[in-house]
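Engineer: The structure that follows is given in the form of structure tokens.
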Amino acid sequence: MAPSIEQVVPESVVQTTEHIQEKLGAIGLGNNTTEEPKPAEKVEEAPAVQAPAVEAPAAQAAPVEEAVKPAAVAASNYIKAPLKLSGAIDSWKNFDVTPVIGREYADVDLAAVLSAENSDELLRDLAITISQRGVVFFRAQDNLTDDLQKVLAQRLGELSGKPATSKLHIHPVANAGREHGGKDDEISVISSEQAKKIYINSKSKLYAQGVKKQNGKVGWHSDITFEPIPSDYSILRLVQLPSTGGDTLWASGYELYDRISEPYQKFLETLTATYAQPGFNEAAERNGFKIFSGERGAPENVGELLEAIHPVIRTNPVTGWKSVFAVGQHVAKINDVTELESEALLAWFVRLLVDNHDLQVRHKWKTPNDLAIWDNRSVYHAATPDYLDGNYGERKGNRAVSLGERPYLDPASVSRTDALAAERAATA
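Encoded structure:
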């Protein structure tokens, strides 16, 4: 598990307690009372401010010399200036799928891009574009082998500044050890047949037989946030399509953050969450195998306990924009608040996502080797399992997952809306 993050409450949160209390009451948290927080023996163990109840306890003050950063800000040396586009890929024909998220490129051969003389410039701008748009799409990448897909994933991360120790992720379950896992630990085979076999009767019930579908929100997630060093970019290339169905949806964490009121944003920025996925351990035990417990692409990602502590709000280092990170099936709880408050906050994040379809994009896979690349630091995604109940065929894809940096919140980072407004004002 990731080491504890130093937690110190900012003065701005104390000043906005009444506003936060009002908002928490609006989502069903206002009828809870919490115990007065006890003084921490050590600064590094000081809890984040609890979600206020009817009689909200005063936020515990840290020593004056320490009260500089919000509680969720990691002690990180990785904070850097956002990257700027060079214009290297401006000639690529494209269109934005929605105003908020998604871009599709036409007639681009990514295998040729990898071997181009100026490939570094091209791939660096592509990485920045992915981080800005959330997800980008390419059709019929027939020349892109698994090995080239791995190279592409790693270079996107390297050229946008990820740590040298971050390589490609090895999935704890979907690796070469599985029947449908392929022969490469660094390629996760996303197979509907494998999923039905491994996860059937699991708690998720996503592929359970005999359960009527009434709620698909459980499918939303960002890749491998349960790792101490989670993913920056994921690349999925579908090699086998069902005759119909199987679309994938992505949603913008930038936009989710932008739709939250400023007092609430400031409160959430003080919090961390526990990200965990015990379901993989349960599935492995149920099917008679062990999860991959060796180094999963980074020295920090080891062991059988799939759990880490990360901020609720994080900064994407490529853009410098804030995003709600604690969304989806890999988030166990919000730390340092009551169980009821944690459950309500996590449910509210997902409700904001599903209630606002204009921050989503839905992608229809049309031909084998269609490909999507997305930034897990600021988007969530969900597959559509509508083809599983009929005779529509298997859905199968090869995914390469690059590892990025330990998540952090940069106090100097801004929202996507504010950043774009500043850009427009600068060029007006």
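For the working numbering, add 1072 to where a residue sits in the sequence shown, where the first one is 1.
For glycine and all other residues, C-beta sits at the position ideal for the given N, C-alpha and C.
(1) Could you tell me the distance, in whole angstroms, from the CA atom of Ala1455 to the CA atom of Lys1468?
(2) Can you grab the Cα-Cα spacing for the pair Pro1124 / Glu1299, in whole Å?
(3) May I ask which residues mark the beginning and end of the beta strand (DSSP E) holding Tyr1480?
(4) What is the DSSP secondary structure of Arg1309, counted as helix, strand or coil?
(5) Within this structure, are the beta carbons of Ala1178 and Leu1220 separated by less than 9 Å?
(6) Could you pull out every unbroken beta strand (DSSP E) segment of at least 3 residues lying fully inside the stretch 1320 to 1359, listed in chain order?
(7) Just the Cα atoms here: how many angstroms apart are Arg1368 and Ser1260?
(8) Quick one: what's Lys1394 bridged to in DSSP?
(9) Return the CA-CA distance between Ile1161 and Ala1199, expressed in angstroms with no decimal places.
(10) Might you give, ordered along the chain, the residues of its own chain that have their beta carbon closer than 7 Å to the beta carbon of Gln1312, omitting 5 neighbours on each side?
(11) Can you give me the C-alpha to C-alpha distance between Asn1470 and Thr1410, rounded to a whole angstrom?
(12) Would you mind stating whether Ser1232 and Leu1328 have Cβ atoms separated by less than 9 Å?
(13) Note the first and the last residue of the continuous beta strand (DSSP E) segment covering Gly1469.
(14) Just how far apart, CA to CA, sit Asp1181 and Asn1215?
(15) Determine, using beta-carbon pairs with one atom in the stretch 1190 to 1210 and one in the stretch 1342 to 1353, whether at least three such pairs fall under 8 Å.
(16) For Asn1190, count the other beta carbons within 10 Å of its own beta carbon; 16 or more makes it buried, fewer makes it exposed. Which is it?
(17) Taking the alpha carbon of Ser1365 as the reference point, which residue from His1402, Ser1324, Gly1375 and Ala1491 has its own alpha carbon closest?
(18) Identify whether His1382 lies in helix, strand or coil by the three-state DSSP scheme.
(19) Kindly indicate which residue of Asp1482, Gly1291, Asp1461 and Leu1492 has the alpha-carbon position closest to the one of Val1384.
(20) Measure the C-alpha to C-alpha separation of Arg1211 and Thr1391 and round it to an integer number of angstroms.
(21) Please check the pair Ile1307 and Ile1151, which I expect to be a contact at CB under 8 Å, by giving their CB distance rounded to whole angstroms.
(22) Using C-beta distances below 6 Å, list every residue in its chain close to His1512, excluding the 5 sequence neighbours before and after it, in chain order.
(23) Can Ala1320 and Arg1434 be called in contact, C-beta distance under 9 Å?
(24) Taking only three categories from DSSP, how would you classify Pro1124?
(25) According to DSSP, simplified to helix, strand and coil, what is Phe1210?
(26) Within the same chain, show all residues whose beta-carbon is closer than 7 Å to that of Glu1258, passing over the 5 residues directly before and after it, in chain order.
(27) Name the one or two DSSP bridge partners that Trp1446 has.
(28) Using only CA atoms, which one of Leu1460, Thr1387, His1453 and His1402 lies nearest to Arg1488?
(29) Who are the Cβ neighbours of Ser1264 in its own chain at under 6 Å, not counting the five residues just before and after it?
(30) So, helix, strand or coil for Ala1153, using DSSP?
(31) Count the other C-beta atoms from every protein chain shown that fall within 10 angstroms of the C-beta of Arg1175, then say buried if there are 16 or more, exposed otherwise.
(32) Beta carbon of Tyr1452, beta carbon of Trp1292: below 9 Å?
(33) Tell me whether the beta-carbon of Gly1325 lies closer than 9 Å to the beta-carbon of Val1245.
(34) Looking at Ser1450: is its Cβ nearer than 9 Å to the Cβ of Gly1206?
Structural biologist: Reading it off the structure:
(1) 12 Å
(2) Because the pLDDT at Pro1124 is just 39, under 50, the model does not fix this residue reliably, and the point stays unresolved.
(3) Neither: Tyr1480 is in no beta strand (DSSP E) and is coded neither H nor E.
(4) In the three-state DSSP reduction, Arg1309 falls in the strand class (E or B).
(5) no
(6) 1320 to 1324 and 1344 to 1348
(7) 12 Å
(8) DSSP output for Lys1394 lists Thr1387 as bridge partner(s).
(9) Spanning the two alpha carbons is a distance of roughly 11 Å.
(10) Pro1440, Glu1466, Arg1467 and Lys1468
(11) 40 Å
(12) no
(13) Lys1468 to Leu1475
(14) 7 Å
(15) no
(16) By the 10 Å Cβ count, Asn1190 comes out exposed.
(17) Gly1375
(18) strand
(19) Asp1482
(20) 26 Å
(21) With a Cβ gap of about 26 Å, Ile1307 and Ile1151 do not count as contacting.
(22) Only positions 1073 to 1500 of the chain appear in this structure, which leaves residue 1512 out of reach.
(23) The amino acid at residue 1320 is misidentified as Ala; the sequence shows Thr. Cβ atoms of Thr1320 and Arg1434: closer than 9 Å.
(24) Because Pro1124 carries a pLDDT of 39, less than 50, the predicted location of this residue cannot be relied on, and no value is offered for it.
(25) strand
(26) Lys1222, Leu1240, Ile1242 and Ala1472
(27) Val1207 and Ser1306
(28) Thr1387
(29) Glu1466 and Arg1467
(30) coil
(31) buried
(32) yes
(33) no
(34) yes
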